[in-house]
Structure formats: C-alpha cells, structure tokens
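Contents: one structure, followed by commentary.
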Amino acid sequence: MKMNKTTKNNMITYLMVIAAYVIVQTMSSTGHLSRLLSGLLVPICVYTIAAVSLNLVVGFSGELSLGHAGFMCVGAYASSIFSNIASDMPSVPRFIIAVLIGAAVAAIFGVIIGIPVLRLRGDYLAIVTLAFGEIIKNIINILYVGVDSEGLHVATSSQNFHVAADGKEILKGALGISGTATLYKDLRDYFFLIGVILVLVTLFIVQNLVNSRTGRAIMSTRDNRIAAESVGINVMKYKMIAFVISAALAGVAGVLYAHNMSMLKVSTFDYNMSILVLVYVVLGGIGSLRGSIIATVILYALPELLRGFATYRMLIYAIVLIVMMLFNWAPAARDWRSRMMEKFFGKKNEKEAA
Amino acid sequence: MAMLEVKNLAIQFGGLRAVDNFHISIEKGQLYGLIGPNGAGKTTVFNLLTGVYKPNEGVIKLDGVDITGKNTIEINKAGIARTFQNIRLFKGLSVLDNVKVGLHNQNSYDTFTGIFRLPRYFKVEKAMNERAMEILKVFDLDKEADLLAGNLPYGKQRKLEIARALATDPKLLLLDEPAAGMNPNETQELMDTIRFVRDHFDMTILLIEHDMRLVGGICEELTVLNFGQVLIQGETSTVLNDPAVITAYLGE
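Quick note, the sequences are listed as chains A and B, same order. If you're matching positions, the first sequence starts at 105 in our numbering and goes up one per residue. If you're matching positions, the second sequence starts at 8 in our numbering and goes up one per residue.
What follows is the structure, encoded as structure tokens:
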C-alpha cells in the first residue's frame, strides 16, 4: 500500500519527463519549435538536474547550500579537460566517461568541502558554502591546463604556462575552455535526448535514495537531529552522503552544460547561478522533486519567452515568481489546490496535494 | 547482575554541580521511577545515561558493560533507547517511517543497494515493514501508519516516540515524562501500555514522571532526586510516604 503509493508517484514523475520530451521532440521535428526555444532545451535539462540534486540537500537533508554552482563548475571543467585530452576516442564512450569524471571530481570536492561545512548549521553553513563556491570559481579562473607530447601541464599563471608546439592549450585561465562542443559534432542533434536521459538518471538516483534506508536516515537528521542520534543514526555520515551525492549530480549538470557550449567561461558559475537553482528548488516546493522540475522549466524558459515585452520582461518575471510562491506555499492556495484535486481526481489524491 | 548500574555519577556546568554522587541500580525487567522537584536534575541524569553529556565523574554500566563517556549513537547501539520530555518525532516522515528509522541499525543494506534496488533492498524493506507494523500494532497505531507523524494527536505522538525507541531493540528504555500533557484517561491508558511493553518486550524501564498517580501505580522502586543528589531510594510505597520526600516537593 505504502510502497505502491510512492512507486506510483515516482512513475508519474518519470512519465512526465518522458512525455515532455516526446512532445517537444515532435514539435521540433515538425518545425513548430522556434530556434530560440530549441536553444533552451539543453540548458533546461542542465538546470533541472541541478535543481533536483540541490533539492536533495535543501529539501531532504535540510541544509541550505549556496555553493551548488561551484560543484557544477568543477564537473564542467574536469569533464571538458578530459574530453579535450581524449579527443581521439569515439564520441559516445568519451562522453560517458566525461560524465563519470565530472561526477567523480565533483563528488571529491563534495567530500573535501563537506567535512568542514557540515559541522556548521543553518545560516553559517549557507554562508560557508557560498564562500566555497566562490573559491572554486576563483581557483579555476587562474588555472592553465595544457597537454603535449611530454604530458599534462598545469600552471597558475600564463608566464609559467608552456606547452610545446605539438600540444594544445586546453584551459586558458579566465579565457576558459573553447571548442568542447565541436568535439561532439556527431552528437550535436542528440544533446537534448542525452540531457533528458541524464535528467531521468538523476531522478532515478534521487528518488530511489530518498525512498530507502539511507533516505529515511537523511530525512530523520533534517527533522530532528537529537532524536536521530538517540536512535543510533550517525548524523554527520548521512548529511555527508546527501551532500556528496548532490555534488556529484551537480557535477553531471556541469558536464552537460560544458559540452553544449562552444565557450566555457568560469564567470557563468557565479553565485547568481547558485541562487537561481535555489529559487527553482524553493518555488517548486522544498522536498518535491516533481515541483523542482516544473519550476525549472517554467522559470528558465520564461525570461526568454518574455523577450517580446522588452523592458517589462524582468517585471513580469518577478510577478510570476511571487505568484508561484503564493500558489505553492500560501495556506489558502494550498487549500484551494487540494479542493480542486478532490473535485477532479476524486478523494484519493487529497492527501498527496496537502 | 543489575541491568543498569550507576555509581558516583557527577557533572558540573560551570560552578553548578547539576548532578552529584548519583547512584542507581536497576534489575532486569524492573519498572523504575526517577522523581524529584523541578530542576532537580532528572533530565540531566537521562542526558548523562544516553551520552548527550559526558560525566565528570562516575561509572555507568549497562548489563555489565562499561558505557561511561560513549557517545549517543554508541550508547543506543549498546542498548539504551529514550523518549524526550518535549516530543521529538521526525514530523515530516510517516508514522511507519518513524519506526523504520528506529530499525535502522537492526536491518541493514548500503546506500548503493538502496539506489539500484538490488534484491537485498526488497528483502530487508519487507522485513522492516513487517517488524515496524508489528510494533505499531502494539501501540494501536497501525491504522495511522501512512499519516505524517506531525499530524498525529498528542497522545499518539507520545506513543509513537516509545514505539520508535523500542524499534532500536534496547535493553533499557528511558521515558522522560511520558504522561506530560495527558488527561487522566490517556494517562491510565499509558500506564497499561507501559506495563504491557515491559511484559511483552521483556523490557527494563526507567521513567521520569511528575504524575504521582502514574508513578505510584506502575513503578516498583523509586529514586528521589533533589538539588542534583539522591534524596532517598527504595520501594515505591515507602518512598512516597517518606517525610523528606514530602518536604522536598511541598516545602517545609
């Protein structure tokens, strides 16, 4: 009974993503999708993965993390460097390895940052994650990476950076990495599909994690730390698991982002990006994965779709943010929603909406 | 051998000796009461027993094993479970999941198994569900299994906390004011439940309580604490009629 209900719920989320993919793909192949919109598809996948993974930390382990862009950044750069080094490999296995490397490196950073950060609580934790995100960004900003016949060269300034003529400079400090996307010319048309698959994989991991022994332990540390310890739950361990898995998945989002861009610049991974992802999570409903997805799609596409309104664009965007927040969180709106649910779908769904 | 043996326990907060020279000896299967006026240090004793505070002096032995100075998690694994004076449930989890969190260390599979739904996941989850429902049934909470713990009425939240503590399969159960905020009917029902838990789970129970009807009704032995020190120890009827106890509670 309980089992079936959550499984059903998870299935609805998967089906929703797949249905959205099918609809968009049909529209795109019949030419009903504008160039502008089709350019948004992959970034939407990127931000969906980021929002779902951030929800694991914010919604399920109950810690406010403001450094999510830092992990995306690490994943993006680690995987791009790999793709550039291994440019002789066939593109499909190369991309798969790039995703794994992005996730692994982001996870390692998750561990390194998690050890000091998770000792803190509440606002302090938020501020320190914010700082770590900026530190990561600034370190990569001065990093030079190149490869030649002698092997890998890493330097922290252009003066010390010497790559032989037969080699290539991959990461050039603040100039970033260029041309990663051109390494995947043959996959170009499938990037949206790849993005959707990665969204599904992320959902699979997070949903299954949450509905397992580990997930219950994670949520117990959120609801009551002292009680969790009293029943023998190692609070640090489970906060860490949530933090690291979230970082790894953010890394995956970064990989997708990096491989879809012709220019990868570190300045995009600033704290605005972290806040943006947090906005998607909060407005979609903390702890609701489906909500995160819906909020990301609407809020990412909206500013672009509103271009026709020119200068009023951000005003309308702000109003939509407020309306969404009220719709999701105001008690009156929630009552209304559950009444509507009851009316249209019968009494059964009442609890779910509440 | 006694289930819980505490000798010379003391803790100091700054200049205040909150608990001093505390000693207690509880036999297996006993229902033991810890009473005393407000601020006497009862909850501090619980916090010392469960490793929330580290004692400055003294020895705590559970079933012959020295557990002094261990942390909360180790102590829970060693066999002490507790409830809290102000209810501490996992409010965002269902009633069933609250108990399943209690079963966390009994039924184990790793995170990887959980994510990729390996066969062990289904096997262990099934066993956990069955065990959790069994425990919930004892507390007559099985019908509310799918509700969020935070939505339960107060009396049932208290019961759920005991159920969760029992799920950790303890040797000794500590109840911190289980009847606080309950009406006389609920208290009566709680007394039956506590007795039933003792018999059904073969449990040793130490409880803090202000409700003298409950204490007098179910506790076999009592320790009275006053200003952090043991005032008197012994059989319930003797202790409750002791002039020193009456003075401690009511004043001169």
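Ideal Cβ positions, reconstructed from N, Cα and C, are used throughout, including at glycine. Because the structure is a prediction, the values reported are computed rather than measured.
How about residue i and residue j: are their beta carbons less than 8 Å apart?
i: residue 180 of chain B; j: residue 88 of chain B; result: yes
i: residue 164 of chain A; j: residue 314 of chain A; result: yes
i: residue 221 of chain A; j: residue 232 of chain A; result: yes
i: residue 38 of chain B; j: residue 227 of chain B; result: yes
i: residue 210 of chain A; j: residue 355 of chain A; result: yes
i: residue 203 of chain A; j: residue 307 of chain A; result: no
i: residue 10 of chain B; j: residue 178 of chain B; result: yes
i: residue 172 of chain B; j: residue 90 of chain B; result: yes
i: residue 401 of chain A; j: residue 116 of chain A; result: no
i: residue 362 of chain A; j: residue 286 of chain A; result: no
i: residue 58 of chain B; j: residue 78 of chain B; result: yes
i: residue 238 of chain A; j: residue 342 of chain A; result: no
i: residue 152 of chain B; j: residue 110 of chain B; result: no
i: residue 244 of chain A; j: residue 370 of chain A; result: yes
i: residue 335 of chain A; j: residue 83 of chain B; result: yes
i: residue 247 of chain A; j: residue 275 of chain A; result: yes
i: residue 408 of chain A; j: residue 140 of chain A; result: yes
i: residue 113 of chain B; j: residue 176 of chain B; result: yes
i: residue 328 of chain A; j: residue 97 of chain B; result: yes
i: residue 171 of chain A; j: residue 358 of chain A; result: no
i: residue 230 of chain A; j: residue 144 of chain A; result: no
i: residue 405 of chain A; j: residue 388 of chain A; result: no
i: residue 146 of chain A; j: residue 299 of chain A; result: yes
i: residue 94 of chain B; j: residue 19 of chain B; result: no
i: residue 74 of chain B; j: residue 16 of chain B; result: no
i: residue 182 of chain A; j: residue 206 of chain A; result: yes
i: residue 317 of chain A; j: residue 99 of chain B; result: no
i: residue 368 of chain A; j: residue 191 of chain A; result: no
i: residue 200 of chain B; j: residue 146 of chain B; result: yes
i: residue 337 of chain A; j: residue 321 of chain A; result: yes
Just to check my reading of the structure: residue i and residue j have Cβ atoms closer than 8 Å, yes? What is that Cβ distance to the nearest angstrom?
i: residue 202 of chain B; j: residue 169 of chain B; result: At roughly 12 Å, the Cβ-Cβ gap does not stay under 8 Å, so residue 202 of chain B and residue 169 of chain B are not in contact.
i: residue 214 of chain B; j: residue 41 of chain B; result: 7 Å
i: residue 159 of chain A; j: residue 391 of chain A; result: 7 Å
i: residue 386 of chain A; j: residue 121 of chain A; result: Not quite, the Cβ-Cβ distance comes to about 21 Å (not below 8 Å), so this is no contact.
i: residue 221 of chain B; j: residue 245 of chain B; result: Actually they are not in contact, since the Cβ atoms of residue 221 of chain B and residue 245 of chain B sit about 18 Å apart, beyond 8 Å.
i: residue 238 of chain B; j: residue 232 of chain B; result: 7 Å
i: residue 174 of chain B; j: residue 142 of chain B; result: 6 Å
i: residue 199 of chain A; j: residue 217 of chain A; result: That belief does not hold up - the Cβ atoms of residue 199 of chain A and residue 217 of chain A are roughly 27 Å apart, past 8 Å.
i: residue 277 of chain A; j: residue 253 of chain A; result: The Cβ separation is near 23 Å, so there is no contact.
i: residue 282 of chain A; j: residue 195 of chain A; result: Actually they do not touch by this definition, with Cβ atoms about 18 Å apart.
i: residue 383 of chain A; j: residue 403 of chain A; result: 7 Å
i: residue 197 of chain B; j: residue 189 of chain B; result: 6 Å
i: residue 347 of chain A; j: residue 161 of chain A; result: 6 Å
Please list the terminal residues of the continuous alpha helix (DSSP H) segment that includes residue i.
i: residue 388 of chain A; result: 375-388
i: residue 448 of chain A; result: 435-449
i: residue 94 of chain B; result: Run containing residue 94 of chain B: none; DSSP gives neither H nor E here.
i: residue 399 of chain A; result: 393-409
i: residue 257 of chain B; result: 250-257
Among all the DSSP beta bridges, which residues are the ones paired with residue i?
i: residue 153 of chain A; result: None, per the DSSP bridge assignment.
i: residue 260 of chain B; result: Look at the range of chain B in this structure, 8 to 259, and you will see that residue 260 of chain B is not part of it.
i: residue 241 of chain B; result: B:229
i: residue 215 of chain B; result: B:41, B:183
i: residue 273 of chain A; result: A:250
i: residue 88 of chain B; result: B:180
i: residue 236 of chain B; result: B:233
i: residue 367 of chain A; result: A:282
Taking the beta strand (DSSP E) that residue i belongs to, which residues open and close that run?
i: residue 160 of chain A; result: That residue, residue 160 of chain A, is in no beta strand (DSSP E); it is neither H nor E in DSSP.
i: residue 286 of chain A; result: Counting along the chain, residue 286 of chain A falls outside any beta strand (DSSP E), and DSSP gives it neither H nor E.
i: residue 228 of chain B; result: 228-233
i: residue 11 of chain B; result: 11-20
i: residue 268 of chain A; result: Per DSSP, residue 268 of chain A belongs to no beta strand (DSSP E) and is neither H nor E.
i: residue 259 of chain A; result: 255-259
Along chain E, which residues have their Cβ under 9 Å away from the Cβ of residue i?
i: residue 323 of chain A; result: Checking the listed chains, one finds no chain E in this structure; the protein chains it contains are A and B.
- [ ] Within the segment 312-360 of chain A, note down every full alpha helix (DSSP H) run reaching 4 residues or more, in order along the chain.
- [x] 317-327, 329-334
TODO: Note down, one range per segment and in chain order, each beta strand (DSSP E) of at least 3 residues found wholly within the segment 111-191 of chain B.
DONE: 179-183
- [ ] Please go through the segment 24-86 of chain B and give each complete beta strand (DSSP E) segment of 3 or more residues, from N-terminal end onward.
- [x] 38-42, 64-69
- [ ] Identify every run of the alpha helix (DSSP H) within the segment 167-251 of chain A, keeping only runs that are complete inside it and at least 4 residues long; order them along the chain.
- [x] 172-189, 195-221, 226-245
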